[in-house]
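Presented below is the structure to which this report refers.
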Amino acid sequence: MKFIVAPSIFSSDFFRLSEEISKVESIKDSWLHIDIMDGNFVPQISFGSAITKTIRKHTDKVIDVHLMVKNLEREIELFSETGANYITFHSEETHFPLRMIKKIKSYGIKAGISINPFTKLDYVDFILPYIDLLLIMSVEPGFSGQKFITETKNKIEKAKFIRRDKGLNFLISVDGGVCEENALQIIEAGADILVMGSYFFKNNFEEIKTFIETLRKKLTK
Ligand code: DX5
Ligand code: ZN
């Protein structure tokens, strides 16, 4: 079982952003997860498209933008110019998800849809054939450092079975409270991508690296 680690730079030390991004670069099969918060869809404000564009100039890593914003069409337009590889938006924010997906894809960018813990998987069922990524939130979005909601595991498994039964191939990403204690269970439930915020950036980096390598070895056995 292979998995991707997607550290969320929202939890990094902004003063040393380039060193923090180098940590992500030193991990095999890693993406950069960029949390965009507009102070509206969620209470906090994080970064915008300009910072994302700057980061793109300095890394070849896959840039995985997670839009937690209200003004979706406008933000998608702005982020289409950043060099992002994936743009994911929240299902809770629009009644026109297909239009958003089409818009993202029209720029040659892969499209993802996200569901909050309170949103049932059934809500996005019909959209699954059109997406490249399903982002399952395992905490309510807006803050890093929250505790993983264990019920999320059922949702991940359900998504994995739907994908198999319908012959689809979207990636399953899990975001919020992912850490050493739950990473293996989350992957076994069906996650392809582990978004990691505070666990990745607020602990000893060598230990995290070792943990990820050990987990990878365990899963290839
Ligand atoms: C939550 C964000 C997450 C978050 C992850 O609003 O989408 O990406 O920052 O942080 P941790 O891993 O600390 O929950
Ligand atoms: Zn995120």
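Residue numbers are given in our numbering: position 159 of the sequence shown equals residue 169, and the series is strictly consecutive.
Every residue, glycine too, gets a C-beta built ideally from N, C-alpha and C.
Quick caveat: nothing in here was measured; it's all calculated off a predicted structure.
- For GLY49, DSSP assigns no beta-bridge partner whatsoever.
- When only Cα atoms are considered, ASN50 and SER56 end up about 11 Å apart.
- Collapsing the DSSP output to three states places ILE14 in a strand.
- Nearest to ASP185 by alpha-carbon distance, out of LYS176, LEU178 and ILE196, is ILE196.
- Taking 9 Å as the cut-off, the beta carbon of GLY155 is found closer than this to the beta carbon of SER208.
- In the three-state reduction of the DSSP assignment, TYR117 falls in the coil class.
- Residue ALA60 holds the alpha-carbon nearest to the alpha-carbon of GLU85 among PHE221, ALA60, VAL72 and ARG66.
- With 5 Å as the limit, the residues whose C-beta approaches a heavy atom of the ligand ZN more closely than that are ASP45, HIS76 and ASP185, in chain order.
- For the set SER183, GLU30 and VAL15, the Cα lying nearest the Cα of ASP142 is the one of SER183.
- Within the same chain, Cβ atoms closer than 8 Å to the Cβ of ILE111 are found at ALA121, ILE123, ILE137, TYR140 and ILE141, the five residues on either side in sequence being excluded.
- Remark: C-beta atoms of ARG173 and GLY200 approach each other more closely than 9 Å.
- Here the distance from the Cβ of PRO151 to the nearest heavy atom of the ligand DX5 is below 8 Å.
- Excluding the 5 residues flanking it on each side, ASP48 has same chain C-beta neighbours closer than 8 Å at ILE55, MET78, VAL79, LYS80, ASN81 and GLU85, in chain order.
- Each of VAL52, PHE25 and SER22 was checked against the Cα of VAL149, and the nearest Cα belongs to VAL52.
- The alpha-carbon separation between LYS212 and SER22 amounts to approximately 8 Å.
- For the ligand DX5, a non-hydrogen atom lies closer than 8 Å to the CB of GLY187.
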